[in-house]
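First comes the structure, then the notes that go with it.
Number of protein chains: 2
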Amino acid sequence: MAALTFQLKHTDVQSKARAGVITTDHGKILTPIFMPVGTAGSVKAVTQQQLKDEIKAQIILSNTYHLYLRPGTSVLEQAGGLHQFNGWGNPILADSGGYQVFSLAENRKIKEEGVLFQSHIDGSRHMFTPENVMDIQRSIGADIIMAFDECVAYPCEYKYARDSMLLTHRWLDRCFSRLNETPDRFGYTQNLFPIVQGGTYADLRKESCEYVTSKQATGNAIGGLSVGEPEEMMYELTALCTENLPEDKPRYLMGVGTPWNILECISLGIDMFDCVMPTRNGRNGMLFTTQGVINIKNKKWSTDFSPIDEDLPCETSQYYTKAYLRHLVVANEILALQIASIQNLAFYLWLVTEARKHIVAGDFASWKSLTLEIIKQRL
Amino acid sequence: MAALTFQLKHTDVQSKARAGVITTDHGKILTPIFMPVGTAGSVKAVTQQQLKDEIKAQIILSNTYHLYLRPGTSVLEQAGGLHQFNGWGNPILADSGGYQVFSLAENRKIKEEGVLFQSHIDGSRHMFTPENVMDIQRSIGADIIMAFDECVAYPCEYKYARDSMLLTHRWLDRCFSRLNETPDRFGYTQNLFPIVQGGTYADLRKESCEYVTSKQATGNAIGGLSVGEPEEMMYELTALCTENLPEDKPRYLMGVGTPWNILECISLGIDMFDCVMPTRNGRNGMLFTTQGVINIKNKKWSTDFSPIDEDLPCETSQYYTKAYLRHLVVANEILALQIASIQNLAFYLWLVTEARKHIVAGDFASWKSLTLEIIKQRL
């Protein structure tokens, strides 16, 4: 089958926002796009049918670290890869596990060779190297796979950030070497996206962009942002990266963010996003809607019998009322987790779909400022 | 609107199994029927759409005790009743709260007037009487409402069982009086089903059946079984009750039971069932399937990529594999709860639907013995 391609359809005249089409062996993805996070091969509290029919997800994300620990590569290989295993026949992106391993803090040790870590499940010891992560990625079989990188914390001293970036670059070379030595396992192409690092230092970010660009990958990612730095700094560094990454390849900003972060970063030239926020916050009773942000636990919703989000093109959001959802949350009913997750993900997908429409229509900037005002307000 | 009616369509020649049609103001119910339990107005981990489309539920059950505590009658009244509140437009049966209150053990006190109890949520003190339970039932607005009764534990001494039965009978009169004094609140008819009690004593059960029959209700229930007594005793008492309850009214055996309990009790002349077993056991990884019982946590399923239940007419059961569901259970994914609950409820609904077909076709007895052999086996 064929490597991932990216067609740039429209570029906004007032910003760097773009509308494009990514083509993978499992189908097309219209950009800008948000990718629901399905860490362990399941988007939490959402069925694959709901992902397709209600949320209208085009691509979902999974995580190498979690899938390596459970169910393990042997099961995934016997299943014929993750697409077969979880029944999601559309595109999948698999994160490398770098971020998760570094999040283990006390329980990992970084070396040139790779990272020694202890499982968060049973404390068992494992090592991730660029090579074995690529091997695991082969077993998972995602359409887009991420390079194994080090993601530094914020704040981070210049020297550490630089050394770490250089390590990430050396690991990137090793990722490409290993991937090129090994065949696609399930008959379709897996595309490796390198990750720009460099902490909050503009010169390092620029250097990293140049290194990443030199690899001529089918798409490029920006990592290590939205890790605690001020929002303005995140936007500045994102802008710097998009200026220094190829225009003709999709740009993926990892782990970002709020709906307003996403609109701002679309205007800076980002094409792909992922974040646990819609599902995690949804499970905690925080709803993103086309009218603004709702804390559904608030007593004021207890007799509001209007639909959760009447204007959202999602059956669940129109079918259930705010009062019923509040009751389910208060009564600790599992259905609350399902409805809130569907609402928030459907909202994120609606947001990027609307953004794309307005990029194509040429009125993205005015739509964005109007929309931001509405969706940011607390109801 | 009109009171509940029951049409008896077929009676099996080799057993007392019956096929019928119950008509309520929210639609028809083909019997024998299993009613999924939605205690707090939601069948746990299942959406209303899945209840209709996948499980093919015809009527669901809710609980007065839980709805009274949360969201409370004021919210339910403002919503226009439970049907409006939870969006389930089809028939609903509401249990009286008697069973729940008596389950509170230490935290309740039974008097002639009613039962004093403490909320399991916040320890607040409340009193249920036949009168206020009927008032709460009016606010909930279920199509079928249950009398407020005392459900005795097993074992229970004769004197206690008799006194308790007589109290239940006096309360039954008070339920009917109060209901007759109060109008339907939401424009459709609510039907009160009396409950036969009497512990495990044949003479008391017979006496209770006679008393209940004298009330000429639109349907009758048998309570206080499946509370720990031997299975054979439960069948004997059920048979005694169905012999002593009117043929031309639906008979509801409360809280029963396993799939095999249900088939046996259908053959004894029971028309309606409810039980938390399919959802509760599903959440613990126990699956009822058309091929037998599965403990999905068992390692043997980790690479079984066959559908969960290929022969069950339910998309979820055919779409997801045993290996994927096992992974979700092991990884504590919420989706596991959803899939397992749908599988088990769809199986229960399939079972009663098949039973009905075979009652109508005249081969219920042979189908039942063949089916029991298959579905009881441990896979």
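These protein sequences, in sequence, are chains A and B.
Counted from 1, the first sequence has number 234 at position 234 by the working numbering; the numbering is strictly sequential.
For any residue, its number in the working numbering is found by taking its place in the second sequence, counting from 1, and adding 1000.
C-beta: ideal position from N, C-alpha, C; glycine also.
Residue span of the beta strand (DSSP E) that contains residue i, given as start and end
i	result
I1092/B	1092–1095
S1208/B	Element bounds for S1208/B: not the beta strand (DSSP E) but the alpha helix (DSSP H), 1202–1214.
Q7/A	5–11
H1126/B	1125–1128
For residue i: DSSP bridge partner residues
i	result
G1027/B	T1024/B
P1307/B	T1321/B
Y252/A	A221/A, M272/A
S62/A	A94/A
I1144/B	L1093/B, N1191/B
M35/A	D274/A
R1108/B	F1117/B
V1196/B	I1222/B
A19/A	H10/A
Residue closest to residue i, alpha-carbon to alpha-carbon, out of the options
i	options	result
M1146/B	Q1007/B, W1350/B, N1284/B, N1220/B	N1220/B
G1362/B	S1267/B, L1093/B, L1287/B	S1267/B
W260/A	T290/A, E150/A, V152/A	T290/A
I1374/B	R1356/B, D1311/B, Y1324/B, V1329/B	D1311/B
A355/A	K249/A, G269/A, F305/A	G269/A
R1378/B	E1231/B, D1135/B, G1292/B	G1292/B
L287/A	A153/A, G114/A, V196/A, S341/A	S341/A
I111/A	T129/A, G199/A, D95/A	Checking the sequence shown, residue 111/A turns out to be Lys, not Ile. Checked all of T129/A, G199/A, D95/A; the closest Cα to K111/A is T129/A.
T1023/B	Y1320/B, Q1048/B, L1093/B, T1316/B	L1093/B
E1150/B	V1133/B, R1162/B, T1168/B	T1168/B
S1062/B	N1295/B, L1370/B, M1254/B, K1357/B	M1254/B
M1127/B	R1178/B, I1359/B, K1109/B	K1109/B
E1106/B	H1120/B, R1178/B, G1114/B, E1232/B	H1120/B
H1026/B	V1115/B, D1095/B, S1208/B, F1186/B	F1186/B
A40/A	D163/A, I60/A, S15/A	I60/A
D132/A	A79/A, D163/A, L263/A, S177/A	Correcting the residue identity first, residue 132/A is Asn in this sequence and not Asp. Cα-wise, what sits closest to N132/A is S177/A.
R251/A	Q48/A, Q78/A, T238/A	T238/A
I262/A	T316/A, V352/A, L245/A, I222/A	V352/A
Residue i - DSSP class collapsed to helix/strand/coil
i	result
G1282/B	helix
I1296/B	coil
T1290/B	coil
R1178/B	helix
F1085/B	helix
V227/A	coil
M1001/B	coil
F1186/B	coil
T1316/B	helix
D1122/B	coil
D1149/B	coil
Y1154/B	coil
L1166/B	helix
R1326/B	helix
K1052/B	helix
Element boundaries [alpha helix (DSSP H), containing residue i]
i	result
N1261/B	1259–1267
K376/A	364–376
F347/A	334–361
M1233/B	1231–1244
V1075/B	1073–1079
Distance cut-off 7 Å: residue i Cβ against heavy atoms of the ligand COA
i	result
C156/A	Absent from the structure shown: the ligand COA. Ligands present: none.
For the structure I just gave you, are there three or more beta carbon pairs, one from the segment 165–174 of chain A and one from the segment 200–220 of chain A, closer than 8 Å?
yes
Do the segment 1300–1312 of chain B and the segment 1357–1366 of chain B make contact, defined as three or more Cβ pairs closer than 8 Å?
no
Contact between the segment 1003–1015 of chain B and the segment 271–280 of chain A: three or more CB pairs below 8 Å?
no
Count the C-beta pairs between the segment 1088–1101 of chain B and the segment 332–351 of chain A that are closer than 8 Å, then say yes if the count reaches three, no if not.
no
Do the segment 1135–1144 of chain B and the segment 1185–1193 of chain B make contact, defined as three or more Cβ pairs closer than 8 Å?
yes
Counting beta carbon pairs with one atom in the segment 1026–1045 of chain B and one in the segment 287–299 of chain A, are three or more of them shorter than 8 Å?
no
Hey, is the segment 74–90 of chain A in contact with the segment 39–52 of chain A, meaning 3+ C-beta pairs nearer than 8 Å?
yes
The segment 197–208 of chain A in contact with the segment 152–161 of chain A per 3-pair CB rule at 8 Å
yes
Do the segment 1318–1330 of chain B and the segment 66–80 of chain A touch if we need at least three Cβ pairs shorter than 8 Å?
yes
Does the segment 1055–1067 of chain B come within contact of the segment 340–348 of chain A, defined as at least 3 CB pairs closer than 8 Å?
no
Flag this pair as touching only if the segment 60–69 of chain A and the segment 123–138 of chain A have three or more C-beta atom pairs under 8 Å; answer yes or no.
yes
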